[in-house]
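**Student:**
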Amino acid sequence: MPDFPIIDTHLHVWDQTRLRYSAFDGHPLFGHPCHVEDYARDCGDVQIEAMVFLECYADFWDGGGQYLEEIAFVEAEAARDPRIRGIVPMAPLEWGLRAEPILRQMQDRHPTVKGIRRIVEFDRDPRALTLSDDFIAGVNLLGKFGWHFEINVNHTQMDIVREFVLRVPEVPLILDHCGKPGIAEGAIQQFRDDVAFLAKRPNLWIKLSDLAVEADHGTWTDADLRPYIAATLDAFGTDRTIYGGDWPILLQATTMTGWVEVLDRAFADLGLSGAETRAIYRDNANAFYRLGL
Numbered sequence: 571m572p573d574f575p576i577i578d579t580h581l582h583v584w585d586q587t588r589l590r591y592s593a594f595d596g597h598p599l600f601g602h603p604c605h606v607e608d609y610a611r612d613c614g615d616v617q618i619e620a621m622v623f624l625e626c627y628a629d630f631w632d633g634g635g636q637y638l639e640e641i642a643f644v645e646a647e648a649a650r651d652p653r654i655r656g657i658v659p660m661a662p663l664e665w666g667l668r669a670e671p672i673l674r675q676m677q678d679r680h681p682t683v684k685g686i687r688r689i690v691e692f693d694r695d696p697r698a699l700t701l702s703d704d705f706i707a708g709v710n711l712l713g714k715f716g717w718h719f720e721i722n723v724n725h726t727q728m729d730i731v732r733e734f735v736l737r738v739p740e741v742p743l744i745l746d747h748c749g750k751p752g753i754a755e756g757a758i759q760q761f762r763d764d765v766a767f768l769a770k771r772p773n774l775w776i777k778l779s780d781l782a783v784e785a786d787h788g789t790w791t792d793a794d795l796r797p798y799i800a801a802t803l804d805a806f807g808t809d810r811t812i813y814g815g816d817w818p819i820l821l822q823a824t825t826m827t828g829w830v831e832v833l834d835r836a837f838a839d840l841g842l843s844g845a846e847t848r849a850i851y852r853d854n855a856n857a858f859y860r861l862g863l
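Just so we're aligned: the sequence shown equals residues 571 to 863 in my numbering.
1. Would alanine 823 pass as an interface residue toward chain D - the criterion being a Cβ-Cβ separation below 9 Å?
2. State the Cα-Cα distance for the pair threonine 811 and arginine 674, rounded to the nearest angstrom.
3. Rounded to the nearest angstrom, what separates arginine 697 and arginine 737 at their Cα positions?
4. Smallest Cα separation from serine 779: which of Gln586, Asn722, Tyr859?
5. Taking all protein chains shown into account, do 16 or more other C-beta atoms lie within 10 angstroms of the C-beta of proline 659, making it buried, or fewer, making it exposed?
6. Taking just the CA atoms, how far does glycine 713 sit from lysine 684?
7. Counting only runs that start and end within the stretch 594-631, where is the alpha helix (DSSP H) found for 4 or more residues in a row?
8. Please report the straight-line C-alpha distance between glutamate 664 and histidine 582, rounded to a whole angstrom.
9. So for lysine 770, helix, strand or coil by DSSP?
10. If you reduce the DSSP assignment to three classes, tell me which class tryptophan 665 lands in.
11. Can you name the residues that DSSP bridges to threonine 811?
12. Excluding sequence positions up to five away, which residues of its chain have a Cβ less than 6 Å from the Cβ of tyrosine 851?
13. Just tell me which of Ala642, Glu647, Ala646, Ile706 has its CA closest to the CA of proline 662.
14. Runs of 4 residues minimum, wholly inside the stretch 807-859: which ones carry the alpha helix (DSSP H) assignment?
15. Between which residues of its own chain and glutamate 740 is the CB-CB distance below 7 Å, once the five residues before and five after are set aside?
16. Distance check for isoleucine 753 and phenylalanine 828, CA to CA, integer angstroms please.
17. At which residue ranges does the stretch 688-775 contain complete alpha helix (DSSP H) runs of 4 or more residues, listed in the order of the chain?
18. By a C-beta neighbour count over all protein chains shown, 10 Å radius and 16 as the cutoff for buried, is alanine 870 buried or exposed?
19. According to DSSP, what are the bridge partners of aspartate 578?
20. I'd like to check one pair, glutamate 625 with glutamate 640: are the Cβ atoms closer than 9 Å?
21. If you count every other CB in all the chains shown that lies within 10 Å of the CB of aspartate 809, and 16 or more means buried, which is it?
22. What do you reckon, are the CB atoms on glycine 725 and glycine 749 nearer than 9 Å?
23. Which value, in whole angstroms, describes the spacing of the CA atoms of glutamine 759 and alanine 838?
24. Can you give me the Cβ contacts of phenylalanine 594 inside the same chain, cut-off strictly under 6 Å, excluding the 5 residues immediately before and after it?
25. According to the neighbour-count rule (16 or more other Cβ atoms, all chains shown, within 10 Å of its Cβ), is phenylalanine 719 buried or exposed?
26. Whole angstroms is fine: what's the gap from leucine 699's alpha carbon to phenylalanine 734's?
27. Excluding the five sequence neighbours on either side, which residues of its own chain have a C-beta within less than 7 Å of the C-beta of cysteine 613, listed in chain order?
28. Where tyrosine 609 and aspartate 695 are concerned, what is the direct C-alpha to C-alpha distance, given to the nearest angstrom?
29. Between the Cα of glutamate 831 and the Cα atoms of Gly756, Pro681, Thr791, which residue gives the shortest distance?
30. Could you work out which residue in Gln636, Asp632, Glu607 is closest to isoleucine 654 when comparing CA atoms only?
31. For arginine 771, which residues from the same chain have a beta carbon less than 6 Å from its beta carbon, with the 5 sequence-adjacent residues on both sides left out?
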C-alpha cells in the first residue's frame with residue numbers, strides 16, 4: 571500500500587431515484603444507488619486524498635440529456651465528501667459548435683468541472699460518431715474552456731482512436747482504462763502496438779485502471795495483467811500515466827485494495843522509484859486535472 575494518500579481519478583456515483591440510467595437496469599451490482607459513503611467504505615486500506623468523478627452514462631437522447639442534472643447530483647455528493655475535487659460530466663459534443671452554450675453554462679455555474687467525457691464505445695456506430703466533423707469540432711472546442719477530453723473505447727475500436735487523435739492535436743486527451751485491452755483474449759501484441767502509436771501524441775495521457783475487469787473475472791492473476799501494465803509504462807512513461815480506481819465497476823473483478831496491491835507489486839518488480847510511483851498515484855493526476863493540491 572502506498573505510504574501516502576492517493577488521488578483516484580475515476581469515481582462513479584449514481585442514484586436511480588435522481589436520474590435515469592437505463593444501462594444499469596437489472597444489473598446485480600449497478601442496478602441500485604451507489605453513493606460516496608459506499609465508496610469510502612469499499613476503499614479499505616487505501617488512503618484517498620481526492621477523487622475525480624466520471625460521468626455514468628446517464629440517459630440522453632437526440633437534442634438533450636441529463637448533463638446538468640448529473641453535475642448537480644455530484645455536487646451534492648461532494649458536499650458530504652469534499653474529497654471530490656473534480657467532475658468530468660457528459661456533454662453532447664456530437665452537436666459540434668452548437669454544444670458551446672451548454673459547455674459555457676457548465677463552466678460558469680460549476681467550477682469543479684475539469685473536462686468532458688462522451689462515451690463512444692456503446693454508440694450504434696462508434697466510427698461514424700467519433701470521426702464525424704461535428705464530433706471532432708466539439709472535442710476541439712474544449713480547448714476554448716481549458717478542458718480535456720476522456721476517450722472511452724474497447725480494444726476492438728482502437729483503430730478509430732488512432733485516427734481520432736490525429737485530428738485533435740492540442741486539446742489534452744486521456745485514454746480511460748488503457749483502452750480496455752483484450753486481456754481475456756490474450757491480445758498483448760495489439761496492445762503494445764496501440765500504445766506505442768498513441769504515446770507519440772504529446773497531448774495524450776493514459777489512465778491505468780480497470781485491467782482486472784478486462785481479464786477473466788474469476789481466474790485472473792498478476793501474471794495476466796503484468797504485461798499490460800509494463801507495456802503502458804514502456805509507452806507513456808511514468809509522467810503521462812495516471813492511476814484510476816473505477817469504483818464500483820472494478821467490483822466485478824477485484825476490490826479497491828486488491829487493485830492497488832496489484833499495481834504495488836508491478837511497480838516494485840518493474841523497478842519504479844518512489845518518486846515515479848508517487849507520480850502515477852498522485853502527482854500526475856493533480857497536474858492533469860488541475861486539482862490544486
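Glycine included, every Cβ here is placed at the ideal spot set by N, Cα and C. Since this is a predicted model, take the numbers as computed values, not measurements.
**Tutor:** Taking the structure as given:
1. You won't find chain D in this structure, because it holds only one protein chain.
2. In the sequence shown, counting from the first residue as 1, residue 811 sits at position 241. In the sequence shown, counting from the first residue as 1, residue 674 sits at position 104. Whole-angstrom Cα-Cα distance: 29 Å.
3. What you label residue 697 is simply residue 127 of the sequence shown in a count that begins at 1. What you label residue 737 is simply residue 167 of the sequence shown in a count that begins at 1. Taking the straight line from one Cα to the other gives about 14 Å.
4. For the purposes of this step, residue 779 is taken as the residue at position 209 of the sequence shown. Nearest C-alpha to serine 779 among Gln586, Asn722, Tyr859: Asn722.
5. Working through the sequence shown from its first residue, we reach residue 659 at position 89. Result: buried.
6. In the sequence shown, the residue the question calls residue 684 occupies position 114. In the sequence shown, the residue the question calls residue 713 occupies position 143. Their Cα atoms are separated by approximately 12 Å.
7. 606-612
8. Position 94 of the sequence shown holds residue 664. Position 12 of the sequence shown holds residue 582. So the alpha carbons of these two residues sit roughly 23 Å apart.
9. One-based indexing of the sequence shown puts residue 770 at position 200. Three-state result, lysine 770: coil.
10. The count along the sequence shown starts at 1 and reaches residue 665 at position 95. Three-state DSSP puts tryptophan 665 in a helix.
11. Translated into the one-based positions of the sequence shown, residue 811 becomes position 241. Answer is Ile776, bridged to threonine 811.
12. The residue labelled residue 851 in the question sits at position 281 within the sequence shown. Hits under 6 Å: Pro572, Ile576, Tyr813.
13. Locating residue 662 in the sequence shown gives position 92, counting from the first residue. The closest CA to that of proline 662, considering only Ala642, Glu647, Ala646, Ile706, is found on Ile706.
14. 826-839, 844-848, 854-858
15. Within the sequence shown, residue 740 is the residue found at index 170, counting from 1. Taken in chain order, the residues that qualify are Gly713, Asn773.
16. For the purposes of this step, residue 828 is identified with residue 258 of the sequence shown, where counting begins at 1. For the purposes of this step, residue 753 is identified with residue 183 of the sequence shown, where counting begins at 1. Residue identity differs from the one stated: residue 828 is glycine in this sequence, not phenylalanine. Roughly 18 Å between the two C-alpha positions.
17. 696-700, 703-711, 728-736, 758-768
18. Beyond the ends of the chain as shown, which are 571 and 863, falls residue 870; an answer cannot be given.
19. Start at 1 with the first residue of the sequence shown, and residue 578 comes out as number 8. Answer by DSSP bridge pairing, in chain order: Met621.
20. By one-based count along the sequence shown, residue 640 stands at place 70. By one-based count along the sequence shown, residue 625 stands at place 55. Closer than 9 Å, so yes.
21. Here residue 809 refers to the residue found at position 239 when the sequence shown is read from its first residue. Exposed, by the Cβ-count rule.
22. Within the sequence shown, residue 725 is the residue found at index 155, counting from 1. Within the sequence shown, residue 749 is the residue found at index 179, counting from 1. Going by the sequence as given, residue 725 is histidine instead of glycine. Between histidine 725 and glycine 749, the C-beta gap is smaller than 9 Å, which places the two residues in contact.
23. Reading the sequence shown from its first residue, position 189 is the one you call residue 759. Reading the sequence shown from its first residue, position 268 is the one you call residue 838. About 23 Å.
24. Locating residue 594 in the sequence shown gives position 24, counting from the first residue. If we look at phenylalanine 594 and ignore the five residues flanking it on each side, its Cβ neighbours are Phe600, Gly601.
25. For this step, residue 719 is matched to residue 149 along the sequence shown. Its Cβ being crowded by 16 or more others within 10 Å, phenylalanine 719 is buried.
26. The residue you call residue 699 lines up with position 129 of the sequence shown. The residue you call residue 734 lines up with position 164 of the sequence shown. Taking the straight line from one Cα to the other gives about 11 Å.
27. Against the sequence shown, residue 613 aligns to sequence position 43. Around cysteine 613: Met826.
28. As a working mapping, residue 609 is identified with position 39 in the sequence shown. As a working mapping, residue 695 is identified with position 125 in the sequence shown. Near 33 Å, if we compare the C-alpha coordinates of aspartate 695 and tyrosine 609.
29. By 1-based counting over the sequence shown, the position of residue 831 is 261. Among Gly756, Pro681, Thr791, the Cα nearest to that of glutamate 831 is on Thr791.
30. To locate residue 654, count along the sequence shown from 1; it is residue 84. Among Gln636, Asp632, Glu607, the Cα nearest to that of isoleucine 654 is on Glu607.
31. Position 201 of the sequence shown holds residue 771. Hits under 6 Å: Val735.
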